[in-house]
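One structure below.
Numbering (the numbering used here), first residue to last: 215 to 430.
Take a look at the structure:
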């Protein structure tokens, strides 16, 4: 009898474990599908052709308040470093221009733009006044292995941080990815670019950020 009970318990525990795994996988797939639907909607309403805060001719006010839009001081964050045990904060880079790009491994425009980001980073490595930082939207990934593979495949040379709890995505009001920010040495957002970005855009935004900062 005891043997039968043990066998029954093992079967029940195994079934519960399998069911939990299936539910977990289903939830991940649901999240991925929701993100893909939002991305598709983004493209359907114009995608990159929509007017961005970066592309708009409308002036914005410089304020000394934290926020997530041009003219505001970028909200600080502290995230784990991919491949390392430590953490880094946005405020660590005060005094430099910073390009911050938020991405996920499954995101088609993120994949498409990554070579341009890498090229920009490599071309400006001798410019000690600018840093390029990638932030992986880890809560939107199916597995850590997908992130590792993405970084390995592209041989990403710049710092990659992991938004494991989704805090940056939430605080920065990210409704779709990729999204890129250009921040000046005072920590102020100069550019908020929603959608795919090119090398030429990065150069232009960096030049604009320098001009805006130096005119202050």
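Even glycine gets a Cβ: it sits at the ideal position worked out from N, Cα and C.
No experiment lies behind these values; they were computed from the predicted model shown.
- When the alpha-carbon of residue 410 is set against those of 324, 292, 285, 312, the nearest one is in 324.
- Contact check between the region 285-292 and the region 352-367: fewer than three CB pairs, one atom from each, fall below 8 angstroms, which does not count as touching.
- The Cβ atoms of residue 397 and residue 295 do not sit closer than 7 angstroms to each other.
- Boundaries for residue 373: no alpha helix (DSSP H) harbours it, while the beta strand (DSSP E) harbouring it runs 373-376, taken from the DSSP string.
- Counting along the chain, residue 316 sits inside the beta strand (DSSP E) bounded by residues 311-317.
- Closest by C-alpha distance to residue 415, out of 327, 427, 345, is 327.
- Cβ contact annotation for residue 391 (same chain, cutoff 7 angstroms, sequence separation greater than five): 316, 317, 318, 321, 324, 351, in chain order.
- The closest CA to that of residue 289, considering only 300, 420, 308, is found on 308.
- Put simply, the backbone Cα of residue 367 is about 35 angstroms away from that of residue 425.
- When secondary structure is reduced to three states using DSSP, residue 424 falls in the helix class.
- When the Cα atoms are used, residue 403 and residue 363 turn out to be separated by approximately 31 angstroms.
- For secondary structure counted as the beta strand (DSSP E) over 3 or more consecutive residues, the region 331-384 holds these complete runs in sequence order: 344-350, 373-376.
- Of the candidates 361, 423, 373, the residue whose Cα lies closest to the Cα of residue 345 is 373.
- Taking a C-beta distance under 7 angstroms as the contact criterion, residue 382 and residue 349 qualify as a contact pair.
- Residue environment for residue 421: exposed (fewer than 16 other C-beta atoms within 10 angstroms of its C-beta).
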